[in-house]
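Below you'll find the structure, written out as structure tokens, and then a few comments.
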Amino acid sequence: MRFQALFFALVVQLLISNSATAQIEVEGIDIITRKEWQANPPKMEVIRHIPRMITIHHTGTFQNKDRSTSEKLQALQKFSYSEGALGDGTPKKPWPDVPYHFYIGVDGSVAEGRELEYQGDSNTNYNLNGHALVVVEGNFNQEKINDKQVENLEKLVLAIAEKYKIPAEAISGHKDQAETTCPGTDLYRLLPALRKKVEDLHNPRVKIGAEQLFSPAFAHLVKGKRVGLVTNHTGLLPDGTHLIDLLNDHPDVELNILFGPEHGLRGEEDTHVANGTDNKTGLPIISLYGKTRKPTPEMLEQVDVVVFDIQDIGARYYTYIKTMLLVQEAAAENDKSFIVLDRPNAISATYVYGPVGKALDAEKGIGVIPVTHGMTIGELAMMYNGEREEKGLKKANLTVVPLQNYKRNQWYDETGLPWVKPSPNMLMLQTAVVYPATCLLEGTEYSEARGTLYPFERIGAPWVKGRELADQLNSYKLKGVDFRPVMFMPDSIVDGIKIYPPKFLGEQVNGVEMLVTDRDIFKSTEAGVYILHALKTLYPEKMAWRQPRLDGLLGTSEVREMLDAGNSPEEIIAKWKNGLESFRQKRAQYLLY
1 MRFQALFFAL
11 VVQLLISNSA
21 TAQIEVEGID
31 IITRKEWQAN
41 PPKMEVIRHI
51 PRMITIHHTG
61 TFQNKDRSTS
71 EKLQALQKFS
81 YSEGALGDGT
91 PKKPWPDVPY
101 HFYIGVDGSV
111 AEGRELEYQG
121 DSNTNYNLNG
131 HALVVVEGNF
141 NQEKINDKQV
151 ENLEKLVLAI
161 AEKYKIPAEA
171 ISGHKDQAET
181 TCPGTDLYRL
191 LPALRKKVED
201 LHNPRVKIGA
211 EQLFSPAFAH
221 LVKGKRVGLV
231 TNHTGLLPDG
241 THLIDLLNDH
251 PDVELNILFG
261 PEHGLRGEED
271 THVANGTDNK
281 TGLPIISLYG
291 KTRKPTPEML
301 EQVDVVVFDI
311 QDIGARYYTY
321 IKTMLLVQEA
331 AAENDKSFIV
341 LDRPNAISAT
351 YVYGPVGKAL
361 DAEKGIGVIP
371 VTHGMTIGEL
381 AMMYNGEREE
391 KGLKKANLTV
401 VPLQNYKRNQ
411 WYDETGLPWV
421 KPSPNMLMLQ
431 TAVVYPATCL
441 LEGTEYSEAR
451 GTLYPFERIG
461 APWVKGRELA
471 DQLNSYKLKG
481 VDFRPVMFMP
491 DSIVDGIKIY
501 PPKFLGEQVN
511 GVEMLVTDRD
521 IFKSTEAGVY
531 ILHALKTLYP
541 EKMAWRQPRL
551 DGLLGTSEVR
561 EMLDAGNSPE
571 EIIAKWKNGL
581 ESFRQKRAQY
591 LLY
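At position 49 of the sequence shown the residue is numbered 49 (this note's numbering), and the sequence of numbers has no breaks.
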């Protein structure tokens, strides 16, 4: 048998039967799920990714009508686990699971292999990050692909391309990626027509604000101007160009100063950040996450316009929106134009939930928002400006360069944009999905799994009994999420970056892992309250609040006080209703999409 694989050493998360990534639905095809073909758990860990390409394989074996697709997948999974040799004698390393994301059988049936949010494997040498792998049963160097296989291959590829905004040029055969004859002559000949069908989808990816800055509509805002730029490592265009370079290299723009947020300009700091100099451009970098949080009049003397371009994730706790608020305030006070280059809300811009906390700027009363605000950074900037006007304060001369082709209900992996982790502990979209819930553990003595490759997806402490806590949390029957026991050991370096010393450094921590099974119905902010309630119920003597931190995250002391008073999670959550309704009405005035 001939199967392709490459073993990856970098690990992020165990492959599970359900995940936060929405499953592909294909009209006219009942996809055989992992559960239905009785998939076993993976033997090793795998790497998360976001599909950006579709690569077509063939099995390299002759079509077999005597066994069902489920039986073949069971055999493929068993083969995947083992070390050995392929049919041509090539050595094969063990793989964690089925190498392909979808398997199309000889009868045209389509089965789910490895889940799409995890990289596949190949025995040839190419980087599988971002590749959705589709394998069709057959040896198409020697036999013909049948009509039903062709029909369902087209339907499947179109569905994947539409969901993840994959362009026609990103549809390829295995032989386009590595030295091989796969997917065989007869299958490979179909790819031009398949690409044409993808072109006809009219399914463009989201265009971010930075891509339009030099368009006729907005170029006048920076041409001939002295510019200050607030950005970090996420300030990339989809082609990998950094906005710093785009502005610095432009003959009609004078880029004079850079401002960096929490984690620094390169996103590699996990504590307060010092001022510095950009190695490539020689420009000064002013940290807005040290002694200075707001640009001073002296810093803004050398600029006419301030540009903001940072990828946020959509949670109140994330400090980038506070940085934007303070920069916008400084721009208003110093008569500087302020441009926000809009970016998507990573966890979708429809989820509005949690307590509506105190103002981000307590002194002036600006920025009263819930834990998950359901807005893009551009929309938030517009709301901040509106609130300044309501308070009789001077508004910023604000321009939001909007997104194109964006829908509010899109998760980040549905935009077609590459994922760049926004901070050292925000490794992947899945981290952002659970972050509004488990970041609250920062206000307790419990670990939120900082210092591991699973930050915010796991919680625990040495004294916790994992099964006991999982059972307690599962007893709440929260929608879209399951909990299972887990153990982990925090380290001081994660993904090559030294992080702020985590809780229980070097100790074995017992706890639970959050498995989001349906992100569209999962309410992360509610889950956070249930987690606090479960810990206080099971381990009351260990619930020592880090009061300023917890109350600061939530913007209110009410949640902590009600938990201490014995109130149920339902009673606490009900208290949010009036504040949320008021916020939703205000928010509606500033929505762009």
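Ideal placement from N, C-alpha and C gives every residue a C-beta, glycine not left out.
From the options, pick the residue whose C-alpha is nearest to that of residue i; which is it?
{"i": "Leu403", "options": "Glu379, Gly386, Pro295", "result": "Glu379"}
{"i": "Asp471", "options": "Phe483, Leu478, Pro462", "result": "Phe483"}
{"i": "Leu243", "options": "Val340, Thr292, Ser287, Gln177", "result": "Val340"}
{"i": "Met426", "options": "Tyr318, Leu247, Ser568", "result": "Tyr318"}
{"i": "Ile377", "options": "Lys394, Gly392, Asn397, Ala349", "result": "Ala349"}
{"i": "Phe308", "options": "Gly276, Arg293, Pro370, Ala381", "result": "Ala381"}
{"i": "Ile50", "options": "Gln23, Glu27, Ile31, Leu76", "result": "Gln23"}
{"i": "Met598", "options": "Leu469, Lys477, Ile499, Val481", "result": "The question about residue 598 has no answer, for the chain in this structure spans 1 to 593."}
{"i": "Phe583", "options": "Pro370, Thr277, Glu333", "result": "Pro370"}
{"i": "Leu158", "options": "Pro41, Pro261, Asn203", "result": "Asn203"}
{"i": "Asp200", "options": "Pro192, Lys207, Ala39", "result": "Pro192"}
{"i": "Asn409", "options": "Val509, Phe338, Ser423, Arg519", "result": "Arg519"}
{"i": "Arg205", "options": "Thr537, Lys542, Lys407, Asn232", "result": "Lys407"}
{"i": "Asp278", "options": "Leu258, Trp37, Ala534", "result": "Leu258"}
{"i": "Ala210", "options": "Gly184, Glu561, Asp342, Ala331", "result": "Asp342"}
Any idea if residue i is buried or exposed, counting beta-carbon neighbours within 10 angstroms, 16 or more meaning buried?
{"i": "Phe102", "result": "buried"}
{"i": "Thr21", "result": "Low confidence applies here, because Thr21 scores a pLDDT of 44, under 50, leaving its location unreliable; read the following figure in that light. Flag for Thr21 reads buried."}
{"i": "Asp413", "result": "buried"}
{"i": "Ala217", "result": "exposed"}
{"i": "His57", "result": "buried"}
{"i": "Ser287", "result": "buried"}
{"i": "Asp551", "result": "buried"}
{"i": "Phe3", "result": "In this prediction, Phe3 has a pLDDT of 31, which is less than 50 and means its spatial position is unreliable; nothing more can be read from the coordinates."}
{"i": "Arg458", "result": "buried"}
{"i": "Asn345", "result": "buried"}
{"i": "Ala85", "result": "exposed"}
With H, G and I counted as helix, E and B as strand and the rest as coil, what does DSSP make of residue i?
{"i": "Leu594", "result": "An answer regarding residue 594 cannot be provided, because it is not within the stretch 1 to 593 covered by the chain."}
{"i": "His131", "result": "strand"}
{"i": "Pro501", "result": "coil"}
{"i": "Met375", "result": "coil"}
{"i": "Gly552", "result": "helix"}
{"i": "Lys92", "result": "strand"}
{"i": "Arg48", "result": "strand"}
{"i": "Thr277", "result": "strand"}
{"i": "Leu429", "result": "helix"}
{"i": "His58", "result": "strand"}
{"i": "Leu76", "result": "helix"}
{"i": "Ala22", "result": "Confidence is the limiting factor: at Ala22 the pLDDT is only 47, short of 50, which leaves the residue's position unreliable and the question unanswerable from this model."}
{"i": "Glu596", "result": "Nothing can be reported for residue 596: it is not among the residues displayed for the chain, which extend from 1 to 593."}
{"i": "Glu112", "result": "strand"}
{"i": "Glu582", "result": "With the sequence shown as reference, residue 582 is identified as Ser, and Glu is not the correct amino acid for it. Here Ser582 sits in helix by DSSP."}
{"i": "Gly84", "result": "strand"}
{"i": "Leu341", "result": "strand"}
{"i": "Asn139", "result": "coil"}
{"i": "Asn256", "result": "strand"}
{"i": "Leu398", "result": "strand"}
{"i": "Ser447", "result": "strand"}
{"i": "Pro355", "result": "coil"}
{"i": "Pro436", "result": "helix"}
{"i": "Ser348", "result": "coil"}
{"i": "Leu15", "result": "At Leu15, the pLDDT of 35 sits below 50, so the modelled position is not reliable and the matter cannot be decided from this model."}
{"i": "Ile369", "result": "coil"}
{"i": "Val327", "result": "helix"}
Can you give me the Cβ contacts of residue i inside the same chain, cut-off strictly under 8 Å, excluding the 5 residues immediately before and after it?
{"i": "Leu505", "result": "Gly451, Pro490, Asp491, Ser492"}
{"i": "Thr372", "result": "Gly314, Ala315, Arg316, Ile347, Tyr351, Val352, Tyr353, Gly354, Pro436, Ser524, Thr525"}
{"i": "Arg546", "result": "Glu442, Gly443, Thr444, Glu445"}
{"i": "Gly480", "result": "Val516, Thr517, Asp518, Arg519, Asp520, Ile521, Phe522, Lys523"}
Please return the same chain residues whose Cβ sits closer than 7 Å to the Cβ of residue i, not counting the five positions on each side in sequence.
{"i": "Glu179", "result": "Thr124"}
{"i": "Ser80", "result": "Trp95, Asp97, Val98, Pro99"}
{"i": "Gln585", "result": "none"}
{"i": "Pro485", "result": "Gly466, Arg467, Ala470, Val512"}
{"i": "His131", "result": "Met53, Thr55, Gly120"}
{"i": "Leu236", "result": "His242, Val420"}
{"i": "Ile321", "result": "Asp312, Ile377, Leu380"}
Under 6 Å Cβ to Cβ from residue i, same chain only, skipping five residues before and after it: list those, please.
{"i": "Gln63", "result": "Val106, Glu137, Gly138"}
{"i": "Leu325", "result": "Leu360, Gly367, Tyr384"}
{"i": "Lys43", "result": "Tyr81, Pro96"}
Would you say residue i faces chain B, with C-beta separation under 9 Å as the test?
{"i": "Lys163", "result": "No chain B appears in this structure, which consists of one protein chain only."}
| request: List in chain order: all unbroken beta strand (DSSP E) runs of 3+ residues lying wholly within the stretch 458-487. | output: 458-461
| query | What are the start and end residues of each continuous alpha helix (DSSP H) run of 4 or more residues lying completely inside the stretch 164-251, in chain order? | reply | 174-177, 185-188, 191-199, 243-248
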